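Engineer:
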Amino acid sequence: NWEFQWYTNDRSNSIAENGILKLKPTLTSDFLGEAALTSETIDLGSSCTNAAFHGCKRTGSPDSILNPIRSAKLVTTDSFAFKYGRVEVRAKLPAGDWLWP
1 NWEFQWYTND RSNSIAENGI LKLKPTLTSD FLGEAALTSE TIDLGSSCTN
51 AAFHGCKRTG SPDSILNPIR SAKLVTTDSF AFKYGRVEVR AKLPAGDWLW
101 P
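Going by the UniProt record's numbering, the first residue of the sequence shown is number 1, and it counts up by one from there.
(1) Counting only the same chain and skipping the five closest in sequence on each side, list residues whose C-beta sits under 8 angstroms from that of Asn9.
(2) Helix, strand or coil for Leu37? Go by DSSP, reduced to three states.
(3) Buried or exposed, going by whether 16 or more other CB atoms sit within 10 Å of the CB of Arg70?
(4) When you compare the stretch 72-82 with the stretch 31-48, are there three or more beta-carbon pairs, one atom per stretch, that lie closer than 8 angstroms?
(5) In chain order, what residues of the same chain lie with their CB nearer than 6 angstroms to the CB of Ser12, ignoring the 5 residues before and after it?
(6) If I follow the unbroken alpha helix (DSSP H) through Pro21, where does it start and stop?
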């Protein structure tokens, strides 16, 4: 679907405190500057997880801005598995543009 999603390994986007995982979106403009949204190139390089559809590199333009939000993602591959039972999650989910659970 040509989405360019920028997940970071940055404590401003994710942190565990007192047994609680906190994921916090941040503004790309706070990280790169406002002008970068319409003029800079983001190349995720080795941190890119899916190169399909030019998914590792994007250049902003006035017609197609860079993602205004940076976030974090949780990867549990090879760190947790179970055969029976269920996983129960209590979460506060955000509402707004560019945000999805």
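Backbone N, C-alpha and C fix where the C-beta goes; we use that ideal spot for every residue, glycine too. Computed from a predicted model, the values in this text were never measured in an experiment.
Structural biologist: Walking through what the data contain:
(1) By one-based count along the sequence shown, residue 9 stands at place 9. Apart from the 5 residues on each side of it in sequence, Asn9 sits with its Cβ closer than 8 angstroms to the Cβ of Ser47 and Ala72 in its chain, given in chain order.
(2) For the purposes of this step, residue 37 is identified with residue 37 of the sequence shown, where counting begins at 1. In the structure shown, Leu37 sits in a helix (DSSP, three-state: H, G or I).
(3) Residue 70 sits at position 70 when you count from the first residue of the sequence shown. Answer is buried; the Cβ neighbour count reaches 16.
(4) Contact between the stretch 72-82 and the stretch 31-48 is absent: fewer than 3 CB-CB pairs across the two stretches fall below 8 angstroms.
(5) In the sequence shown, residue 12 corresponds to position 12, counting from 1. Here the set comprises Thr26.
(6) For the purposes of this step, residue 21 is identified with residue 21 of the sequence shown, where counting begins at 1. The question names Pro, but residue 21 is Leu in the sequence shown. Per DSSP, Leu21 is not a residue of any alpha helix (DSSP H); the beta strand (DSSP E) it occupies stretches across Ile20 to Leu23.
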